[in-house]
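Participant:
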Amino acid sequence: MINRWIPFLCLLALPSSTLSKKVLYDNWKLYRFYPCNAGEMSLLLDLHESNLNIIFLQDLNRHMMNMQEQFMSVDILLSPNYLMSDTFKTLKDKIESHVLAENVQKLIDEEAKHIVESGSSLNWDSYGSIGLINQFLGQMAAKYTHVDLLDMGVSAEKGIPLKVLKISSSDSHGKIWISGGLHGRDWISSAVVTYVINELLTSKDVDVNNISEFYDLYFLPVMNPDGYDYSQKTDRMWKKTRASTNSNIGCVGADANRNWDDDSKLDDTFPNPCNNTYPGDKGFSENEVVDASEFYMNHVANDTNMFLTVHGYNQLILLPYGRSGGRFKTEDAFDEWVGVAKKAARSMSGHLPRKVEKILLPHEQFRIGNISDIMGERHGSAVDWVTKQNSKIELALEIGLNNLSRGIFVPADQIKQKGIEFMKGLKELVIYFNGKTTTGDGDSPQCLPVEQTIKPSLYCFAGNK
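Counting with mature numbering (1 follows the signal peptide of the UniProt record, and there is no 0), you get residues -20 to -1, 1 to 445 for the letters of the sequence shown.
Structure follows, in C-alpha cells:
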C-alpha cells in the first residue's frame, strides 16, 4: 500500500505570483504502466491518490475498480526522488512498464523551440501562443465574409478573451460545435481545431467544402486560455484552469471537463483543490465553463447536430454518460452513436510509424464507448451536460486523438498529421448526417469492432500474469 500521509506541497498548484521561475522536470521520467488486473490497478490508484511528487497523464478514479472492461495503460511522470524510493521498486516489480522518456525536460525544451508568439503567422509546424491563436481567428473573420468572430467572455485569471469563430453556411442544415483546449497542457487539441478551421476555409476538397456549405460551424480552439498560457510559459504540465479556490495553501484551478453541472453532482473522488482532476467546489464554478455553456445555449443549442470536444491524448471516442444510471433512452440510439463513432475512428486511425515499436502503442485502435464504461464513473463532463440539456442533439462525442509513444508531448512536426486524421473523422461524421455512404479512401482501418475495442496489453498474456 502506498503511504498516503506524505504531504504534497507541489509547485504545480501554487498561484502564479508564487512562481518566479519555470517549473523544471530535469531527470523526471515518463513511464507507461500496463495493469492487467484489479490488484495492479489498485496499486496505481493508491499512488494517484497519495499526492506524491508524480503526475498522472490520464484520469483515474476508484470507480474504475468496478469496471468489467480491461484496464487501459497508464502514463505517469515520475520525479527523481520517487524513482529512488522503495515504493517505485515495488511498483516496477508488480506491474509491467516501459520508459517512454528518460528526461522529460528534454521533451519540454524541444517543444519550447516551436512556440510562436503573436505578430507572426500561425502555421501547423509549430504551436501558437494564445495571442497568436486569437490573432489568427481575427484574421479569418476579416478575410471571409461568411466568417464571424464572436466574444464569449474572458478568462478568470488574466482576462484573456474567449473567442468563438463562426463559419456560416449558405444552406444550413444544422449546427456543429467543436472545442479544444479544455486542459491547459493539451496543446495539440487547440492546434488541431485551428487546422480544421483553416482547411474548411481554404481546402478544395469537395467533402471538406460540403461541411461548411451545409452546416453552421462554431469553433472554440482554446476553452482554457489561462491554463494554456501558463502551460506554455511556466509549467508545461499544468492542466486545470487558474481561478482561485478554497485551498489554504494556495492551490488554484479546476478541471474544465469535470465542472459542467449535469444536475447530478460533481465527481467527489478528488475533493482536494491541489489535485489535477479537482472538479471545483460546485458545478459551473469556473468562468470559462459558465461562458461556454451560456454561449452554447444562446447561439448553438437550437438545431445542434453535433457537439465535439477534442482532446489530444488517449485515443478514445467517448459517448455520454459518465455518471452511474445515465443511459440513452433506447439501445438503438446508443448503438447508432457507437456505429458512427466507429466509422470516424476507422478514418482517424493512422498507420503506426515504422520506427516505433508496437509495444509502446498497446492500444493503436481507438476505444469507443460511454464514459463510465471506459474511464469509470466521471461527473461534470461537457458531453454529459450538453446531452442532458439538449434532448434533440444528434451526436455528442469526446474525442481523444491518435496516440503517440510520448504521451501528451506531440512533436510540432506531427501537428498536420493529427489535423489530417481528425478531418477524416469529421468528414465521416458529416456523411452520417447527410445520410450518405462511403467506401473510404483506401486507408487500412485499425479500429476493432466496438465489442473488442478494449483489449489487454500484450504483457497481460504473459505466463505470470
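Idealized CB from N, CA, C, for every residue including glycine.
Closer than 7 Å by C-beta to residue 61: which residues in its own chain qualify, once you throw out the five before and the five after it? Chain order, please.
Facilitator: Locating residue 61 in the sequence shown gives position 81, counting from the first residue. These residues qualify, in order along the chain: 33.
Participant: Nearest-angstrom Cα distance between residue 406 and residue 324?
Facilitator: Taking the first residue of the sequence shown as 1, we reach residue 406 at position 426. Taking the first residue of the sequence shown as 1, we reach residue 324 at position 344. Going from the Cα of residue 406 to the Cα of residue 324 covers about 7 Å.
Participant: Are the beta-carbon atoms of residue 345 and residue 327 separated by less than 8 Å?
Facilitator: Translated into positions along the sequence shown, residue 345 becomes position 365. Translated into positions along the sequence shown, residue 327 becomes position 347. Against a cut-off of 8 Å, the Cβ pair of residue 327 and residue 345 comes out as no contact.
Participant: Just the Cα atoms here: how many angstroms apart are residue 456 and residue 219?
Facilitator: Residue numbering for the chain in the displayed model covers -20 to 445; residue 456 lies beyond these limits and cannot be assessed.
Participant: Just mark residue 185 as buried or exposed, buried being the case when its beta carbon has 16 or more other beta carbons within 10 Å.
Facilitator: To locate residue 185, count along the sequence shown from 1; it is residue 205. Per the 10 Å Cβ criterion, exposed.
Participant: Where in the segment 44 to 119 do unbroken runs of the beta strand (DSSP E), each at least 3 residues long, occur, reported from the N-terminal end onward?
Facilitator: Segments of the beta strand (DSSP E) lying fully in the segment 44 to 119: 54 to 58, 76 to 81.
Participant: In the DSSP assignment, find the beta strand (DSSP E) that holds residue 202 and state where it starts and stops.
Facilitator: Residue mapping note: residue 202 aligns to position 222 of the sequence shown, counting from 1. Segment: none, residue 202 is in no beta strand (DSSP E) and carries neither H nor E.
Participant: In the DSSP assignment, find the unbroken beta strand (DSSP E) run with residue 147 in it and report its ends.
Facilitator: Here residue 147 corresponds to residue number 167 of the sequence shown, with the count starting at 1. Start and end: 141 to 147.
Participant: Based on the DSSP secondary-structure assignment, which residues constitute the bridge partners of residue 289?
Facilitator: In the sequence shown, residue 289 corresponds to position 309, counting from 1. Note: residue 289 sits in a beta bridge opposite 159, 378.
Participant: What's the C-alpha gap between residue 142 and residue 299?
Facilitator: Numbered from its first residue, the sequence shown carries residue 142 at position 162. Numbered from its first residue, the sequence shown carries residue 299 at position 319. Approximately 26 Å, taken between the alpha carbons.
Participant: What do you get for residue 269, buried or exposed, if any count of 16 or more other CB atoms within 10 angstroms of its CB means buried?
Facilitator: Counting from one through the sequence shown, the residue named residue 269 turns up at place 289. Flag for residue 269 reads buried.
Participant: Hey, residue 196 and residue 149: beta-carbon distance below 8 Å or not?
Facilitator: Here residue 196 is taken as the residue at index 216 of the sequence shown, counted from 1. Here residue 149 is taken as the residue at index 169 of the sequence shown, counted from 1. Their beta carbons are under 8 Å apart, which means residue 196 touches residue 149 by this criterion.
Participant: Residue range of the beta strand (DSSP E) that residue 412 falls in?
Facilitator: By 1-based counting over the sequence shown, the position of residue 412 is 432. Note, residue 412: premise wrong, no beta strand (DSSP E); alpha helix (DSSP H) at 395 to 414.
Participant: Just tell me which of 293, 294, 272 has its CA closest to the CA of residue 287.
Facilitator: Looking up residue 287 in the sequence shown gives position 307. The shortest C-alpha separation from residue 287 is found at 272.
Participant: Among the residues of its own chain, which have a CB less than 6 Å from the CB of residue 12, if the five just before and after it don't count?
Facilitator: Here residue 12 corresponds to residue number 32 of the sequence shown, with the count starting at 1. Contacts found: 53, 55, 78, 80.
Participant: Let me know if residue 361 comes out buried or exposed under the rule of 16 or more other beta-carbons within 10 Å of its beta-carbon.
Facilitator: If you number the sequence shown from 1, residue 361 lands on position 381. That one is buried.
Participant: Below 8 Å, how does it come out for the segment 164 to 182 and the segment 384 to 401: are there three or more Cβ pairs, yes or no?
Facilitator: Touching, yes.
Participant: How would you label residue 39, buried or exposed, when you count the other beta carbons within 10 angstroms and need 16 or more for buried?
Facilitator: Within the sequence shown, the letter at position 59 stands for residue 39. Its Cβ being crowded by 16 or more others within 10 Å, residue 39 is buried.
Participant: Could you tell me the distance, in whole angstroms, from the CA atom of residue 349 to the CA atom of residue 17?
Facilitator: To locate residue 349, count along the sequence shown from 1; it is residue 369. To locate residue 17, count along the sequence shown from 1; it is residue 37. Cα to Cα, the separation comes out at about 20 Å.
Participant: Residue -15 by DSSP, collapsed to three states: which one?
Facilitator: Walking along the sequence shown from the start, residue -15 turns up at place 6. Because residue -15 sits at a pLDDT of 36, beneath the cut-off of 50, its placement in the model cannot be relied upon, and the following sentence gives the value as read from the coordinates. Residue -15 falls in the coil class under three-state DSSP.
Participant: Could you pull out every residue in the same chain whose Cβ sits closer than 7 Å to the Cβ of residue 135, ignoring the five residues on either side in sequence?
Facilitator: Indexing the sequence shown from 1 puts residue 135 at position 155. These residues qualify, in order along the chain: 142, 205, 206, 267, 268.
Participant: Using the rule of at least 16 other Cβ atoms within 10 Å of the residue's Cβ for burial, across every protein chain shown, is residue 421 buried or exposed?
Facilitator: As a working mapping, residue 421 is identified with position 441 in the sequence shown. For residue 421, the pLDDT reaches just 44, beneath the cut-off of 50, and the residue's location in the model is therefore unreliable, although a value from the coordinates is still provided. Label assigned to residue 421: exposed.
Participant: Whole-angstrom Cβ separation of residue 301 and residue 364, contact assumed at under 8 Å?
Facilitator: Here residue 301 refers to the residue found at position 321 of the sequence shown. Here residue 364 refers to the residue found at position 384 of the sequence shown. About 5 Å separates the two Cβ atoms, so the contact holds.
Participant: Would residue 236 be called buried (16 or more neighbouring beta carbons within 10 Å of its own) or exposed?
Facilitator: Sequence index remark: in the sequence shown, residue 236 carries index 256 (1-based). It is buried - the Cβ of residue 236 has at least 16 other Cβ atoms within 10 Å.
Participant: Between which two residues does the alpha helix (DSSP H) carrying residue 181 extend?
Facilitator: Your numbering for residue 181 matches position 201 in the sequence shown. That run of the alpha helix (DSSP H) goes 167 to 182.
Participant: Tell me the DSSP secondary structure of residue 32 in three-state form.
Facilitator: Locating residue 32 in the sequence shown gives position 52, where the first residue counts as 1. DSSP places residue 32 in coil when its eight states are reduced to three.
Participant: Which residues bound the alpha helix (DSSP H) around residue 353?
Facilitator: Residue numbering aside, residue 353 sits at position 373 when the sequence shown is read from its first letter. 351 to 355 is the extent of the alpha helix (DSSP H) around residue 353.
Participant: Tell me which residues share the same chain as residue 48 and place their Cβ nearer than 7 Å to its Cβ, disregarding the 5 neighbours each side in the sequence.
Facilitator: As a working mapping, residue 48 is identified with position 68 in the sequence shown. A caution first: residue 48 carries a pLDDT of 49, below 50, which makes its placement in the model too unreliable to give a value.
Participant: With a Cβ-Cβ cutoff of 8 Å, do residue 170 and residue 113 count as a contact?
Facilitator: Numbered from 1 along the sequence shown, position 190 holds the residue referred to as residue 170. Numbered from 1 along the sequence shown, position 133 holds the residue referred to as residue 113. Yes. Within cutoff.
Participant: Less than 8 Å between the CB atoms is what I'm expecting for residue 106 and residue 98, so what's the real figure, rounded?
Facilitator: Sequence index remark: in the sequence shown, residue 106 carries index 126 (1-based). Sequence index remark: in the sequence shown, residue 98 carries index 118 (1-based). Actually they do not touch by this definition, with Cβ atoms about 13 Å apart.
Participant: So the beta strand (DSSP E) residue 297 belongs to, where does it begin and stop?
Facilitator: The residue given as residue 297 occupies position 317 in the sequence shown. Residue 297 -> beta strand (DSSP E) spans 296 to 299.
Participant: For residue 13, which residues does DSSP report across the bridge?
Facilitator: For the purposes of this step, residue 13 is taken as the residue at position 33 of the sequence shown. Per DSSP, 54, 77.
Participant: In the DSSP assignment, find the unbroken alpha helix (DSSP H) run with residue 217 in it and report its ends.
Facilitator: Here residue 217 refers to the residue found at position 237 of the sequence shown. No alpha helix (DSSP H) holds residue 217; DSSP gives it neither H nor E.
Participant: Tell me whether residue 386 sits in a helix, a strand or coil according to DSSP, three-state version.
Facilitator: Taking the sequence shown and counting its residues from 1, the one referred to as residue 386 is at position 406. Correct three-state label for residue 386: coil.
Participant: Contact check, residue 297 vs residue 321 under 8 Å by CB: the rounded distance?
Facilitator: Along the sequence shown, read from residue 1 onward, the residue named residue 297 stands at position 317. Along the sequence shown, read from residue 1 onward, the residue named residue 321 stands at position 341. Confirmed, Cβ separation roughly 4 Å.
Participant: Taking residue 482 as the reference, which of 120, 315, 317, 255 has the closest Cα?
Facilitator: Any property of residue 482 remains undetermined from this structure, which presents the chain solely from -20 to 445.
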